[in-house]
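Trainee: So that we are looking at the same thing, I have put the structure below in structure tokens.
Protein chains: 2
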Amino acid sequence: MDDIEAEPTRRSAPTLRDVARRAEVSVATASRALTSDYPVAESTRARVLRAVEDLNYAVTSRPPKRNQAASHIAMVVSDVVSPLRSHVATGVAEAAGDAGRLCSVYITGGDLQREEQVFARLEEQDDLDAVILVGGVELTDAYEQRMSAHARALHARGAQLVLCGRPPLPAGVPALVVEYDNRGGAYAATSHLLSLGHRRILTLTGPERSTTTIGRMAGYRSAHEDFGVELDPSLVIPCRADRSGGYQGCRQALADRLEFTAIFTHNDVMASGALAALRESGLTVPGDISLVGYDNIPVAQELSPPLTTVYMPHEEMGKAAVRLALERPEPGSGRERQLLGTHIVIRASVRPLPASHHPAQ
Amino acid sequence: MDDIEAEPTRRSAPTLRDVARRAEVSVATASRALTSDYPVAESTRARVLRAVEDLNYAVTSRPPKRNQAASHIAMVVSDVVSPLRSHVATGVAEAAGDAGRLCSVYITGGDLQREEQVFARLEEQDDLDAVILVGGVELTDAYEQRMSAHARALHARGAQLVLCGRPPLPAGVPALVVEYDNRGGAYAATSHLLSLGHRRILTLTGPERSTTTIGRMAGYRSAHEDFGVELDPSLVIPCRADRSGGYQGCRQALADRLEFTAIFTHNDVMASGALAALRESGLTVPGDISLVGYDNIPVAQELSPPLTTVYMPHEEMGKAAVRLALERPEPGSGRERQLLGTHIVIRASVRPLPASHHPAQ
């Protein structure tokens with residue numbers, strides 16, 4: 001216990017050379033012994049580790065490489081519980097690691113003030129390659145202005161702001177954009193249902209003003225147009241974008257006695273909630289109601305029945321964001337904005353509607 | 001586009017005062033307009049935002065508060081895809097936010113060298129309260145020595161190392177520990193099965209040398225002892241701790257024609273894999289085989305049948321780690337180590353074994 005209290009008063013940091021001398025090995029051997037990937041005799045390693053302990057050598061306190069300016073990629077995100085964001089974070093971390101960069105994730109809890117504090121911190125850092133901002137938000141003037149200011153502040157320090165699944169900023173703002181095709185994915189999901197004869201497709205959407213919702217609603221609408229099916233606006237129910245949102249939205253639709261043969265939810269966890277609500281009402285999927293989700297998160301294949309959904313390249317999005325940031329495309333090169341494709345994953349939650357069920361058009 | 005290229009050459013940073021002057025408002029109003037939580041007339045806000053843009057004012061570049069030494073909590077973790085780790089991260093972020101601290105998560109991909117790079121970076125930072133290291137690892141001498149060195153280096157800078165679900169370090173090393181009760185949880189799961197008459201309980205474990213596995217195996221063994229049931233070592237199958245590990249382990253057990261009436265998997269995603277393997281073999285849960293998981297992650301309630309499992313206080317663990325770090329307990333106070341309890345969550349994947357099925361003991 002005395003050790004602990006004495007700790008903060010120690011001054012001159014021992015070097016790896018001190019460790020090697022004490023362990024009676026070469027500096028190279030001491031270094032190898034401390035990097036567990038390299039083969040070193042166990043007795044040698046033990047001697048080096050004892051020297052480390054005796055000297056209180058901080059294994060990793062190498063001098064900072066200040067001339068190697070850029071070595072760090074930060075991701076800013078509301079949470080890492082959503083499968084979307086945790087998989088994007090995984091992609092960012094992998095690509096950052098492959099490029100020899102460290103990766104840190106700042107969690108804001110969706111709190112704007114905390115997001116601002118994070119930017120304040122990041123905009124002071126000298127070794128930052130990029131800030132990757134992930135996840136849909138409401139597109140407001142305040143958002144545009146705030147993010148434009150951050151993009152400029154980062155750019156002035158040689159770092160890139162990358163918007164990932166976020167609304168793009170006005171032309172001329174030095175920000176990079178990696179998006180997934182919300183409209184295309186929702187179009188694919190909706191037209192899958194329409195092509196199997198469904199005509200009244202309930203949709204449980206996310207927050208109305210989120211750009212993700214706006215994109216997915218555009219795909220849902222445009223599939224209806226292309227199939228010549230008039231859309232009943234009462235079939236569009238905005239919900240919280242989580243399991244209980246999907247559950248409540250579906251209960252609401254059933255309580256209101258809305259007529260529908262299929263449900264398209266804007267994400268898979270909402271689909272799991274809708275499935276629970278249908279089951280409680282004695283309705284089967286796909287026997288009574290067909291169900292399509294969005295995201296293809298792991299839970300989709302565990303549902304009964306396994307869920308037909310839209311594949312989202314989450315990890316690939318994180319990787320693309322890192323690659324794009326490190327590539328530093330020339331402004332105006334057309335490379336500043338990348339759109340990643342999506343596709344439908346067909347499982348067992350949709351059935352073709354028998355012709356007799358088709359309402360007259 | 002010209003804007004972008006001109007950006008890095010600008011020199012003196014405009015101040016909030018410049019913004020206020022240009023927008024013809026007071027500095028206080030300009031500040032309020034840039035903090036979206038405060039009410040400001042939209043026209044005023046628009047003027048301020050225009051001034052921000054015109055001046056290229058970096059909204060958040062406040063002078064660093066260097067005298068407020070500690071303002072940042074870092075978490076170091078292999079990944080944020082595992083529900084365990086993403087929920088611990090959520091707890092850390094929430095408690096950090098409540099305490100007015102920023103929270104960042106460093107993702108190492110389980111790569112030791114990257115973990116060392118992260119520590120090297122963190123050990124240079126002046127405003128760090130704590131480093132929270134999360135997730136089970138193999139307990140080796142090299143691990144102990146390495147982590148002890150980091151604990152000392154951080155402590156010397158006034159920061160705390162908190163081990164969360166990681167093996168504790170030798171006495172005298174200035175590290176805090178927050179653990180969940182692996183042994184107690186596995187004991188509860190196994191004795192639940194034993195008390196319902198199951199005598200041959202297959203267990204699909206994680207990596208054999210992980211301290212998490214060791215703790216859970218201890219609970220599984222000790223429940224058998226307390227019930228006076230001899231354990232058949234062939235019923236213990238080490239697997240990869242993911243869905244495909246659970247699937248393969250269960251397929252293996254079925255192919256080897258092992259006799260068992262119940263399965264205890266060391267986590268819920270392994271249980272989902274085992275469930276898929278059982279279903280492929282035409283076996284029902286709980287009709288033919290009872291199944292208990294561990295962790296109570298969201299997928300547990302989506303399985304068919306909903307999974308009986310062990311509740312793990314993941315978010316609470318993250319919060320406890322932050323609270324403990326900020327409390328800075330006196331060495332030797334007995335507060336440096338906290339053990340969080342677990343309990344079983346009974347759903348629908350276990351059935352009592354009829355007395356006729358009980359093998360003779």
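Residue numbers (full-length UniProt numbering), protein chains in the order written: chain C, 1 to 361; chain H, 1 to 361. Ideal placement from N, C-alpha and C gives every residue a C-beta, glycine not left out. Here the structure is a predicted model, which is why all the values come from computation and not from measurement.
Say whether chain C places a C-beta atom closer than 8 Å to the C-beta of T90 (chain H).
Mentor: Along the second sequence, read from residue 1 onward, the residue named residue 90 (chain H) stands at position 90. Yes, because at least one Cβ of chain C sits closer than 8 Å to the Cβ of T90 (chain H).
Trainee: Residues of chain H with a CB under 7 Å from the CB of S26 (chain C): which are they?
Mentor: Mapped onto the first sequence, residue 26 (chain C) falls at position 26. Neighbours of S26 (chain C) on chain H: none; closest Cβ ~19 Å, over 7 Å.
Trainee: So, helix, strand or coil for R152 (chain C), using DSSP?
Mentor: Indexing the first sequence from 1 puts residue 152 (chain C) at position 152. Note: R152 (chain C) maps to helix in three-state DSSP.
Trainee: Where L231 (chain H) and R221 (chain H) are concerned, what is the direct C-alpha to C-alpha distance, given to the nearest angstrom?
Mentor: Within the second sequence, numbered from 1, the residue matching residue 231 (chain H) stands at position 231. Within the second sequence, numbered from 1, the residue matching residue 221 (chain H) stands at position 221. For L231 (chain H) and R221 (chain H), the distance between alpha carbons rounds to 7 Å.
Trainee: Using a Cβ cut-off of 9 Å, pull out every chain H residue sitting near C239 (chain C), in sequence order please.
Mentor: Counted from its first residue, the first sequence places residue 239 (chain C) at position 239. Near C239 (chain C) there are no residues of chain H at all, since even the closest Cβ is about 17 Å away, more than 9 Å.
Trainee: Rounded to whole angstroms, how far is the Cβ of V105 (chain C) from the Cβ of S104 (chain H), which I believe are closer than 8 Å?
Mentor: As a first step, residue 105 (chain C) is located in the first sequence; it is residue number 105 there, counting from the start. As a first step, residue 104 (chain H) is located in the second sequence; it is residue number 104 there, counting from the start. So it is a contact: roughly 6 Å between Cβ atoms.
Trainee: Can you confirm whether I289 (chain H), when its beta carbon is compared against all beta carbons of chain C, has any partner nearer than 8 Å?
Mentor: Indexing the second sequence from 1 puts residue 289 (chain H) at position 289. False, the Cβ-Cβ gap to chain C never drops below 8 Å.
Trainee: Return the bridge partner residues of I73 (chain C) from the DSSP annotation.
Mentor: As a position in the first sequence, residue 73 (chain C) is number 73, starting the count at 1. Answer is C:C103, C:A130, bridged to I73 (chain C).
Trainee: Got a sec? Which residues, its chain only, sit under 6 Å from G341 (chain H) by beta carbon, not counting five neighbours each side?
Mentor: For the purposes of this step, residue 341 (chain H) is identified with residue 341 of the second sequence, where counting begins at 1. The answer, listed in chain order, is D181.
Trainee: List the whole-angstrom C-beta distance separating V134 (chain H) from R85 (chain H), where the pair is believed to meet the contact cut-off of C-beta under 8 Å.
Mentor: As a position in the second sequence, residue 134 (chain H) is number 134, starting the count at 1. As a position in the second sequence, residue 85 (chain H) is number 85, starting the count at 1. That pair is a contact at about 6 Å.
Trainee: Quick one: list the residues of chain H neighbouring Q145 (chain C), beta-carbon separation under 7 Å, in chain order.
Mentor: Looking up residue 145 (chain C) in the first sequence gives position 145. Neighbours of Q145 (chain C) on chain H, chain order: L49, V52, E53.
Trainee: How is A348 (chain C) classed by DSSP in three states: helix, strand or coil?
Mentor: Within the first sequence, the letter at position 348 stands for residue 348 (chain C). The answer is coil: DSSP assigns A348 (chain C) none of H, G, I, E or B.
Trainee: At what residues does the alpha helix (DSSP H) containing L112 (chain H) begin and finish?
Mentor: Residue 112 (chain H) sits at position 112 when you count from the first residue of the second sequence. Its alpha helix (DSSP H) spans residues 112–122.
Trainee: Please work out which residues of its chain come closer than 7 Å, Cβ to Cβ, to A241 (chain H), disregarding the five sequence neighbours upstream and downstream, and give them in chain order.
Mentor: Position 241 of the second sequence, counted from the start, is the residue given in the question as residue 241 (chain H). Cβ within range, chain order: G206, P207, H266, N267, M270.
Trainee: Going by the CB atoms, is the gap between V162 (chain C) and L324 (chain C) shorter than 8 Å?
Mentor: Locating residue 324 (chain C) in the first sequence gives position 324, counting from the first residue. Locating residue 162 (chain C) in the first sequence gives position 162, counting from the first residue. Yes, the Cβ-Cβ distance between L324 (chain C) and V162 (chain C) is below 8 Å.
Trainee: Report yes if the CB atom of A187 (chain H) is closer than 8 Å to the CB atom of G165 (chain H), and no otherwise.
Mentor: Taking the second sequence and counting its residues from 1, the one referred to as residue 187 (chain H) is at position 187. Taking the second sequence and counting its residues from 1, the one referred to as residue 165 (chain H) is at position 165. Note on residue identity: the sequence assigns Tyr, not Ala, to residue 187 (chain H). No, these two residues do not count as a Cβ contact at 8 Å.
Trainee: Grab me the residues of residue 372 (chain H)'s own chain with a C-beta within less than 7 Å of its C-beta, minus the 5 sequence neighbours each way, in chain order.
Mentor: This structure leaves residue 372 (chain H) out entirely; chain H is present only between 1 and 361.
Trainee: If you run the structure through DSSP and keep just helix, strand and coil, what is Q338 (chain H)?
Mentor: By one-based count along the second sequence, residue 338 (chain H) stands at place 338. Looking at Q338 (chain H) - three-state DSSP - the assignment turns out to be strand.
Trainee: The ligand HEM and G245 (chain H): does any heavy atom of the ligand fall closer than 7 Å to the residue's C-beta?
Mentor: Absence of the ligand HEM from the depicted structure is noted, as is the absence of any ligand whatsoever, leaving it without description.
Trainee: Starting from the beta carbon of I107 (chain C), find every residue of chain H whose beta carbon is closer than 7 Å, and list them in chain order.
Mentor: Numbered from 1 along the first sequence, position 107 holds the residue referred to as residue 107 (chain C). Those within 7 Å of I107 (chain C) in chain H are A89, A93, C103, V105.
Trainee: Measuring straight from C-alpha to C-alpha, what distance separates Q252 (chain H) and L291 (chain H)?
Mentor: The sequence position of residue 252 (chain H) within the second sequence is 252, counting from 1. The sequence position of residue 291 (chain H) within the second sequence is 291, counting from 1. Taking the straight line joining both Cα atoms gives about 16 Å.
Trainee: In or out: R257 (chain H) buried (at least 16 other Cβ within 10 Å) or exposed?
Mentor: Locating residue 257 (chain H) in the second sequence gives position 257, where the first residue counts as 1. Counting Cβ neighbours within 10 Å, R257 (chain H) comes out exposed, since fewer than 16 surround it.
Trainee: Quick check: is the beta carbon of P298 (chain H) nearer than 8 Å to any beta carbon in chain C?
Mentor: Here residue 298 (chain H) is taken as the residue at index 298 of the second sequence, counted from 1. At least one chain C Cβ lies under 8 Å of P298 (chain H).
Trainee: With H, G and I counted as helix, E and B as strand and the rest as coil, what does DSSP make of I297 (chain H)?
Mentor: Locating residue 297 (chain H) in the second sequence gives position 297, counting from the first residue. Here I297 (chain H) sits in coil by DSSP.
Trainee: Should the region 125–144 of chain C be regarded as contacting the region 127–144 of chain H, the criterion being three or more beta carbon pairs within less than 8 Å?
Mentor: No, the region 125–144 of chain C is not in contact with the region 127–144 of chain H.
Trainee: Can the beta-carbon of V178 (chain H) be found closer than 8 Å to that of Q338 (chain H)?
Mentor: In the second sequence, counting from the first residue as 1, residue 178 (chain H) sits at position 178. In the second sequence, counting from the first residue as 1, residue 338 (chain H) sits at position 338. Closer than 8 Å, so yes.
Trainee: Can you check DSSP and say which residues form a bridge with V292 (chain H)?
Mentor: Start at 1 with the first residue of the second sequence, and residue 292 (chain H) comes out as number 292. BP columns for V292 (chain H) point to H:F264, H:T308.
Trainee: Can you find a CB in chain H that lies within less than 8 Å of the CB of D37 (chain C)?
Mentor: As a working note, residue 37 (chain C) is residue 37 in the first sequence. Below a pLDDT of 50, predicted positions are generally treated as unreliable, and D37 (chain C), at 43, falls in that range; the measurement from the model is reported next regardless. Yes, contact with chain H.
Trainee: Pair every Cβ in the region 303–314 of chain H with every Cβ in the region 149–159 of chain H, then say whether three or more of these pairs are closer than 8 Å.
Mentor: No, they do not touch.
Trainee: Out of C:L112, C:Y294, C:S349, point me to the one whose CA is closest to L204 (chain C)'s CA.
Mentor: Taking the first residue of the first sequence as position 1, residue 204 (chain C) is located at position 204. Comparing Cα-Cα distances from L204 (chain C) to each of C:L112, C:Y294, C:S349, the minimum goes to C:Y294.
Trainee: At the 8 Å Cβ level, is Q117 (chain H) part of the contact set with chain C, yes or no?
Mentor: What you label residue 117 (chain H) is simply residue 117 of the second sequence in a count that begins at 1. Closer than 8 Å: yes.
Trainee: Within the region 137–225 of chain H, note down every full alpha helix (DSSP H) run reaching 4 residues or more, in order along the chain.
Mentor: As far as the region 137–225 of chain H is concerned, its whole alpha helix (DSSP H) runs of at least 4 residues are 141–156, 182–195.
Trainee: DSSP has P238 (chain C) in a bridge; who is on the other side?
Mentor: Locating residue 238 (chain C) in the first sequence gives position 238, counting from the first residue. Paired residues: C:T205.
Trainee: From R328 (chain C) to E336 (chain C), what distance separates their C-alpha atoms?
Mentor: Here the question's residue 328 (chain C) lines up with position 328 in the first sequence. Here the question's residue 336 (chain C) lines up with position 336 in the first sequence. If I take the Cα positions, the gap works out to 8 Å.
Trainee: Closer than 8 Å, CB to CB, is G184 (chain C) near chain H or not?
Mentor: Here residue 184 (chain C) refers to the residue found at position 184 of the first sequence. Chain H, which has no Cβ nearer than 8 Å to the Cβ of G184 (chain C), makes this no.
Trainee: Quick one, which of H:G185, H:I237, H:R200, H:S234 has its alpha-carbon nearest G215 (chain H)'s?
Mentor: Numbered from its first residue, the second sequence carries residue 215 (chain H) at position 215. The shortest C-alpha separation from G215 (chain H) is found at H:G185.
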